[in-house]
Amino acid sequence: MTAEGSGGGSAVLGVEDVRDRPERWEVVQASREFQGRVFSVRRDSVRMPNGDATEVVHRDVIEHPGSVGILAVDAADRVLLLRQYRHPAGYLLWEAPAGLRDVPGEPLHVLAARELLEEAGYRAGRWDVLVDLFPSSGMSDERVRIFLARDPEEVPADEIDFRRVHEEADMPLVWVPLDEAVRKVLAGEIHNMIAAAGILAVHAARARGYRGLRPVGAPEG
71 MTAEGSGGGS
81 AVLGVEDVRD
91 RPERWEVVQA
101 SREFQGRVFS
111 VRRDSVRMPN
121 GDATEVVHRD
131 VIEHPGSVGI
141 LAVDAADRVL
151 LLRQYRHPAG
161 YLLWEAPAGL
171 RDVPGEPLHV
181 LAARELLEEA
191 GYRAGRWDVL
201 VDLFPSSGMS
211 DERVRIFLAR
221 DPEEVPADEI
231 DFRRVHEEAD
241 MPLVWVPLDE
251 AVRKVLAGEI
261 HNMIAAAGIL
271 AVHAARARGY
281 RGLRPVGAPE
291 G
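According to this note's numbering, the sequence shown is numbered sequentially starting from 71.
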């Protein structure tokens, strides 16, 4: 099956062409609209196609440092989920452990291991890349890499040099059977993007015997 190309092209594309690739259209002007603690907002004036010509249009971009998520799976095929208050959504959400890329140069799998330890109190014996995402590509440059962490081992509290505050002060933890977690995602009982995408990705990976997963140092592309 093929599909006609769009966006000014007439090439006939096939399944082998379905692969995201970097692309950057000309930005003729950019301005800083907001600077916050975690993210900022930039307004770009971008030259875009308009029929046989082009036009300059404005796009607001949320600049975000990026993040990682961790789907920890134990020997009983259960996934680890935490409940956390999320003020913008106005929800107590069940989430996978996750964290911002806030240490320049820190390898992503090292960040992921730190977040699993600090948020959940676990270490993992095996790490793989599960899935890479742009969670809101229409408005933000945020990138998320979700890792699969297997062979988890609980770490004694006195070995964890981290104090949870604010939204992280009270995060109950539950190990949920993977098939039940999938049901909860499809039933609309789990809404967090990293948790939902990670749970479905783990379910698909398990069906393949976890073959074909990328190593922790694989490029994001």
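Note that CB positions come from ideal geometry on N, CA and C, so glycine has one too.
Here the structure is a predicted model, which means the values were calculated and not measured.
Which word fits Leu318, buried or exposed, when buried means at least 16 other C-beta atoms lie within 10 angstroms of its C-beta?
Outside the displayed span of the chain (71 to 291) sits residue 318, for which this structure offers no information.
Own chain residues within Cβ distance below 8 Å of Glu185, not counting five before or after:
Val138, Ile140, Pro167, Ala168, Gly169
Keeping to the same chain, check which residues put their C-beta closer than 6 Å to that of Arg196; ignore five residues upstream and five downstream.
Arg220, Asp221
Backbone secondary structure at His134 - three-state DSSP:
coil
With a threshold of 6 Å on Cβ separation, who are the neighbours of Met263 within its own chain once the five nearest residues in sequence on each side are excluded?
Pro205
In angstroms with no decimal places, state the Cα-to-Cα distance between Val98 and Val126.
8 Å
Under the three-state reduction of DSSP, which class applies to Gly84: helix, strand or coil?
coil
Per DSSP, Leu170 is paired with what?
Ser137
In chain order, what residues of the same chain lie with their CB nearer than 7 Å to the CB of Asp144, ignoring the 5 residues before and after it?
Pro222, Trp245
Count the other CB atoms, across all protein chains shown, that sit within 10 Å of the CB of Met165; report buried if there are 16 or more and exposed otherwise.
Residue 165 is actually Glu in this sequence, not Met. Per the 10 Å Cβ criterion, buried.
Through-space distance from Gly106 to His134, alpha-carbon basis:
10 Å
Report the three-state DSSP secondary structure of Arg91 (helix, strand or coil).
coil
In this structure, how does DSSP classify Arg276 when only helix, strand and coil are distinguished?
helix
When the Cα of Arg148 is compared with those of Ala183, Arg113, Arg284, Leu270, which residue comes out closest?
Leu270
Looking only at C-alpha atoms, which of Glu176, Pro177, Glu189, Arg276 sits nearest to Val252?
Arg276
Distance between Asp228 and Glu290 (C-alpha atoms, nearest Å):
35 Å
Note down the Cα distance separating Asp240 from Glu188, rounded to an integer number of angstroms.
13 Å
Going by the beta-carbon positions, is the gap between Leu218 and Asp198 smaller than 8 Å?
yes
Tell me the DSSP secondary structure of His179 in three-state form.
helix
Three-state secondary structure (DSSP) of Ile216
strand
Using the DSSP secondary-structure output, state which residues sit across from Pro222 in a beta bridge.
Ala194
With distances taken Cα to Cα, identify the nearest neighbour of Gly191 among Val225, Arg129, Ser210, Arg102.
Val225
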